[in-house]
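Taking our numbering, the leading residue of the sequence shown gets 37, the next gets one more, and so forth.
Think of the CB as a built atom: it goes at the ideal place given N, C-alpha and C, for glycine as much as any other residue.
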Amino acid sequence: MAKESKIQPINGKILIKRIEEKEVKKGSIIIPDTAKEKPQQGEVIAASKKPDGKDADVKPGDIVLFGKYAGTDIEIDGVEYVIMDSTDILAIINK
37 MAKESKIQPI NGKILIKRIE EKEVKKGSII IPDTAKEKPQ QGEVIAASKK PDGKDADVKP
97 GDIVLFGKYA GTDIEIDGVE YVIMDSTDIL AIINK
């Protein structure tokens, strides 16, 4: 579940922690981390109101899908996050 963040996004931005996919091994080929694609799924950590003052479409704890090149990667206390516009979120995954 989402925890309190030291960063509070503004102007319709969303703070997301990527959810790493579990590694599946087939045969003896090992793919280095540098060659793997970043996951396009994550947990919403914090969401700001939209510029028009309405609440964001997502809330902390939601699991969302987003575009491959969406957002900006940031690191806070050794944890990697993505901060993106709320319009970059493609879907909410129902639990």
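Look at the Cβ atom of residue i, then the Cβ atom of residue j, and state whether they are nearer than 8 Å.
i	j	result
Y117	I52	yes
V80	K90	no
For residue i, tell me which candidate among the options has the shortest Cα-Cα distance.
i	options	result
D93	D121, K42 and I43	D121
E56	L101, L126, T123 and A127	L101
Among the residues of its own chain, which have a CB less than 6 Å from the CB of residue i, if the five just before and after it don't count?
i	result
M37	At M37, the pLDDT of 44 sits below 50, so the modelled position is not reliable; the number obtained from the coordinates is stated separately. G97.
Excluding the 5 residues flanking residue i on each side, which residues of the same chain have their C-beta closer than 8 Å to its C-beta?
i	result
T108	V118, I119 and M120
L126	V100, L101, F102 and G103
K42	I112 and D113
In or out: residue i buried (at least 16 other Cβ within 10 Å) or exposed?
i	result
P87	exposed
K49	buried
In chain order, what residues of the same chain lie with their CB nearer than 7 Å to the CB of residue i, ignoring the 5 residues before and after it?
i	result
D124	F102, G103, A106 and G107
I46	S84
I110	Y117 and I119
Which runs of the alpha helix (DSSP H), 4 residues or longer, sit entirely within the region 97-121? none
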